[in-house]
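Step one of this worksheet: look at the structure below.
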Amino acid sequence: MKKNIFLFIISVLLFFIFIAYCIYTKNIFDSARQVVLFNHNKNILVLSYQEPLLYYGSGNKILYIYNNFYILIDKCRYGEFPLKIGDINNNDIELLIEIPFSSASWGSYKEYTIDFIKKNKKIGKYDINYKIITKDEVIYIKNGD
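In the numbering used here, the protein residues as written are 1 to 145.
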């Protein structure tokens with residue numbers, strides 16, 4: 001009898017935790033300043049941004065992936081650089097990063113960008129590949145390179 005009551009209490013607690021998580025992720029989805037909303041294969045990909053920390057910056061980007069019921073699966077954070085969703089297929093997402101400098105003159109900005117690329121190699125079931133476009137060069141970074 002005590003075991004049944006304990007299992008009932010645990011199941012009710014888990015149910016309320018799940019409901020709270022669903023409400024939390026739906027609120028994130030609704031409040032995000034959406035740059036891109038991309039629906040692919042029962043997953044919703046949202047690229048949103050936060051207000052810039054510096055008045056001339058482009059704001060921090062956050063890439064969210066949700067299932068069809070707006071439940072958050074995963075997220076990746078990026079810095080203050082231009083970011084777009086390029087292409088998406090069943091295994092990979094290609095993100096485009098446009099650098100407003102020539103490849104020879106982007107120095108510390110390159111390290112800043114590469115640090116975010118190293119941190120964000122996968123989101124959900126998708127590998128993230130990057131295409132960095134500078135004024136004079138296009139650099140491809142595949143997951144694992």
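A virtual CB, placed ideally from N, CA and C, is assigned to each residue, including glycine.
- Boundaries around residue 117 are those of the alpha helix (DSSP H), 107 to 119, since no beta strand (DSSP E) includes it.
- According to the DSSP assignment, residue 140 belongs to the beta strand (DSSP E) that extends over 138 to 141.
- The secondary-structure analysis by DSSP pairs residue 93 across a beta bridge with 88 and 128.
- When secondary structure is reduced to three states using DSSP, residue 68 falls in the coil class, being assigned neither helix nor strand.
- For residue 99, no beta strand (DSSP E) segment is defined, and its DSSP state is neither H nor E.
- For residue 4, the three-state secondary structure derived from DSSP is helix.
- At a Cβ-Cβ threshold of 8 Å, residue 63 and residue 123 count as neighbours.
- In the pairwise beta carbon analysis, the region 123 to 132 is classified as touching the region 89 to 102: at least three pairs are separated by under 8 Å.
- Take residue 134, set aside five residues on each side of it, and the residues of its chain with a beta-carbon closer than 7 Å to its own are 99, 101, 102, 103 and 106, in chain order.
- Of the residues assessed, residue 116 falls on the buried side of the cut-off, its CB having 16 or more other CB atoms within 10 angstroms.
- Under the three-state reduction of DSSP, residue 61 is assigned to strand.
- The continuous beta strand (DSSP E) containing residue 43 extends over residues 43 to 49.
- Of all alpha-carbon atoms in 25, 46 and 119, the one lying nearest the alpha-carbon of residue 88 is that of 46.
- Apart from the 5 residues on each side of it in sequence, residue 3 has no Cβ closer than 8 Å to any other Cβ in its chain.
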